[in-house]
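*Asks:* In our numbering, the protein residues as written are 4 to 486.
(1) How about residue 295 and residue 310: are their beta carbons less than 7 Å apart?
(2) Alpha helix (DSSP H) containing residue 58: first to last residue?
(3) Within 8 Å, do at least three Cβ pairs link the stretch 385-392 to the stretch 417-424?
(4) First and last residue of the alpha helix (DSSP H) that includes residue 111?
(5) Is residue 28 helix, strand or coil by DSSP?
(6) Taking the CB atoms as reference points, tell me whether residue 185 and residue 161 lie closer together than 7 Å.
(7) Smallest Cα separation from residue 254: which of 269, 144, 21 and 22?
(8) Does the beta-carbon of residue 518 have 16 or more other beta-carbons within 10 angstroms, so that it is buried, or is it exposed?
(9) Is it right to say residue 446 is buried, meaning 16 or more other beta carbons lie within 10 angstroms of its own, or is it exposed?
(10) Could you tell me the boundaries of the alpha helix (DSSP H) in which residue 92 lies?
(11) Assuming residue 131 contacts residue 95 under a Cβ cut-off of 8 Å, what Cβ separation, rounded to an integer in Å, is found between them?
(12) Using 8 Å for Cβ pairs, my map puts residue 68 next to residue 54. What's the rounded Cβ distance?
(13) With a CB to CB cut of under 8 Å and the five nearest residues on each side skipped, what residues in its chain are close to residue 303?
(14) In this structure, how does DSSP classify residue 271 when only helix, strand and coil are distinguished?
(15) Comparing alpha-carbon positions, which option in 110, 326, 322 and 335 lies nearest residue 292?
(16) Apply the 10 Å Cβ neighbour rule to residue 365 and answer buried if 16 or more other Cβ atoms are within range, or exposed otherwise.
(17) Do residue 448 and residue 421 have their C-beta atoms within less than 7 Å of each other?
(18) Are residue 217 and residue 189 touching if we call contact CB-CB under 7 Å?
(19) Thinking C-alpha only, which one of 40, 24, 33 and 349 is nearest residue 15?
(20) Ends of the beta strand (DSSP E) at residue 343?
(21) Given this structure, state the Cα-to-Cα distance separating residue 470 from residue 70, to the nearest angstrom.
(22) If distances are taken between C-alpha atoms only, which option among 222, 213 and 223 comes closest to residue 241?
Pasting the structure below:
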């Protein structure tokens, strides 16, 4: 067998890094391929949820790394450790995302009593928190009681930490302990900020300790007024923070302090918050590039875009009107990705948007109301900029096959499109084998002609979950993406 240079193997594997089945096959080529491939597979563990059967197998691998003394301690707590021999590699040292909730899940799958959890945690954590590990993300669950900063070499283990994720009810001593050893965090994500169950002074110390905090994600509904305001705490990092994601009804006045913001996501649960909207109306974010807003009146959104610095490349909004569409195409000449809903009365201004936003390449139309689908497809074929070929349509009214086939036919000689469709009609169609075959025949015919590169059909239940998975959304910066 021809032996390839390690650098060439690495280049090959880099092209396959998102293709997990192919990477697993590469493990079996020989030891050299295995040594290079294993880190690429293991470094992503902890980022996503795993099914229970995978957690069980993974925990067996973790146990195989334990010393005999630690195995004895686990056995005393009811964990079987006898059948696990030494591993081929030190797989634990390849982990880059330490998810303590995932480790807890693995332990609970062994029917562990709550009274034994901290004893087992301590032995497992010693495998991960030491001088051999270098983590870039850390997720601490709500009920953790172990001071992980007290483990030997914890400061070295987390010296390159970029993402810190936790529940809002995390214990104060844990936050203070982490603030004493970590200063490199670029992104903080705090979940479950419900009913004022937030903020202790540990958050204050942790945030102030960071030297390069760029991204903040706060999810929940902060209501209690007599607690420390996370929004006020963030003012200490106004010169560094570039990305803010707020999943509650915040006091938007504090956003005026963040002139360096590049991306802003706000999900408001009510559009009747006049005081908050007043601050958004006059908000000036000269460097903003990514804007995703929900629950804010259309006129306020138009004001926000009018007051931006003209650098927006991605806008995600639901409600719209002619004034908002006009603000977009007059102010956002560099726009690349757009999500919005439109009605028949907006089609003329929508066509003007396509004509004026010449760099647009991705479009999501999410409509709750009916629209003249024939006119929409005709406008897209006649007026789309040359680079627009990535589409996603949610349409909750019935239409037949003819508009879709006409859309494909009129798209001839343009860039092959990437398309995702979700419609009430489509959900019903997928229940009819005859109609489904007709759809597939149309799609395959235009695939063979080069009109369509890829098409997916999504039902109503999965569409919103999939909204950020379109291929063109993968090209954001590493920091802007979720870990």
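Note that beta-carbon positions come from the ideal geometry of N, C-alpha and C, so glycine has one too.
Predicted model only: the values in this text are computed from it and were never measured.
*Replies:* The answer reads as follows:
(1) Start at 1 with the first residue of the chain shown, and residue 295 comes out as number 292. Start at 1 with the first residue of the chain shown, and residue 310 comes out as number 307. It is not a contact, given that the beta carbons lie outside the stated cut-off.
(2) Counted from its first residue, the chain shown places residue 58 at position 55. It spans 55-67 - the alpha helix (DSSP H) in which residue 58 sits, taken as one unbroken run.
(3) yes
(4) Position 108 of the chain shown, counting from 1, holds the residue named residue 111. From DSSP, the alpha helix (DSSP H) with residue 111 extends over 103-111.
(5) Residue numbering aside, residue 28 sits at position 25 when the chain shown is read from its first letter. Note: residue 28 maps to helix in three-state DSSP.
(6) Looking up residue 185 in the chain shown gives position 182. Looking up residue 161 in the chain shown gives position 158. Yes, the Cβ-Cβ distance between residue 185 and residue 161 is below 7 Å.
(7) Here residue 254 corresponds to residue number 251 of the chain shown, with the count starting at 1. Out of 269, 144, 21 and 22, the CA that lies nearest to the CA of residue 254 is found in 269.
(8) Only positions 4 to 486 of the chain appear in the structure, and residue 518 is not among them; the question remains open.
(9) Numbered from 1 along the chain shown, position 443 holds the residue referred to as residue 446. Using a 10 angstroms sphere on the CB of residue 446, the tally of other CB atoms reaches 16 or more, which defines it as buried.
(10) On the chain shown, position 89 is the one that residue 92 refers to. Taken as a continuous stretch (DSSP letters only), residue 92 belongs to no alpha helix (DSSP H), as it is neither H nor E.
(11) Here the question's residue 131 lines up with position 128 in the chain shown. Here the question's residue 95 lines up with position 92 in the chain shown. Residue 131 to residue 95, Cβ: 6 Å. Contact.
(12) As a position in the chain shown, residue 68 is number 65, starting the count at 1. As a position in the chain shown, residue 54 is number 51, starting the count at 1. Not a contact, Cβ separation roughly 22 Å.
(13) Against the chain shown, residue 303 aligns to sequence position 300. 280, 283 and 284, listed in sequence order.
(14) Within the chain shown, numbered from 1, the residue matching residue 271 stands at position 268. Coil, per DSSP.
(15) Taking the chain shown and counting its residues from 1, one reaches residue 292 at position 289. Closest option to residue 292, Cα to Cα, is 335.
(16) Within the chain shown, numbered from 1, the residue matching residue 365 stands at position 362. Per the 10 Å Cβ criterion, buried.
(17) Position 445 of the chain shown, counted from the first residue, corresponds to residue 448. Position 418 of the chain shown, counted from the first residue, corresponds to residue 421. Contact: no.
(18) For the purposes of this step, residue 217 is taken as the residue at position 214 of the chain shown. For the purposes of this step, residue 189 is taken as the residue at position 186 of the chain shown. Closer than 7 Å, so yes.
(19) The sequence position of residue 15 within the chain shown is 12, counting from 1. Shortest Cα-Cα distance from residue 15 to any of 40, 24, 33 and 349 involves 40.
(20) Position 340 of the chain shown, counted from the first residue, corresponds to residue 343. That run of the beta strand (DSSP E) goes 340-343.
(21) If you number the chain shown from 1, residue 470 lands on position 467. If you number the chain shown from 1, residue 70 lands on position 67. Only weak support exists for where residue 470 lies, its pLDDT of 41 falling under 50; the value from the coordinates is given anyway. Spanning the two alpha carbons is a distance of roughly 45 Å.
(22) Within the chain shown, the letter at position 238 stands for residue 241. Of the listed residues, the one whose Cα sits closest to residue 241 is 213.
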